[in-house]
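Laid out in structure tokens, this is it:
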């Protein structure tokens, strides 16, 4: 799992993208990953590291995540709770249909805001 961290210009918002490889031409992450027991720890460590550095507004882009299991859900929810404890916010962006269904069934989508476009997530976090 590759993780890309980008600061949204002119804001205090950080966007995190996931993938399994970097495109040589665009330098963007590509390919889908599974957020499961195999990679929940690197995911959680990265989020915790950002929170420990004082980053308080995070967009997690889920568009490259093709599958999520209970350990992946736990990692997202733990990150969300830790951000809240530090007066921060984590939102989810553009989950695939199957991932969104799991977020809805487990009621995580009722706790963590989910957005379909960058602009909506940025506007929400800027309030």
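In the numbering used here, the protein residues as written are 966 to 1092.
Glycine included, C-beta positions come from ideal geometry on N, C-alpha and C.
Rounded straight-line distance, which links the Cα of residue j to that of residue i
i	j	result
residue 1034	residue 1045	17 Å
residue 1075	residue 1069	7 Å
residue 1056	residue 1088	11 Å
residue 1030	residue 985	10 Å
residue 978	residue 1022	5 Å
residue 1004	residue 1092	32 Å
residue 993	residue 1053	27 Å
residue 970	residue 989	17 Å
Helix, strand or coil at residue i [DSSP, three-state]
i	result
residue 982	strand
residue 1078	coil
residue 1061	coil
residue 1087	helix
residue 1092	coil
residue 1006	helix
residue 975	coil
Bridge-paired residues (DSSP) for residue i
i	result
residue 1056	1024
residue 991	Per DSSP, none; premise fails for residue 991.
residue 970	981
residue 998	1030
| task | Mind listing, in chain order, the continuous beta strand (DSSP E) runs of no fewer than 3 residues lying wholly within the stretch 1029-1055? | result | 1030-1033
| Counting pairs of beta carbons, one from the stretch 1019-1029 and one from the stretch 1071-1090, are three or more of them closer than 8 Å? | When C-beta atoms of the stretch 1019-1029 are compared with those of the stretch 1071-1090, three or more pairs fall below 8 Å, so the two segments count as touching.
| query | Can at least three beta-carbon pairs, one atom from the stretch 1034-1043 and one from the stretch 990-1008, be found at a separation below 8 Å? | reply | yes
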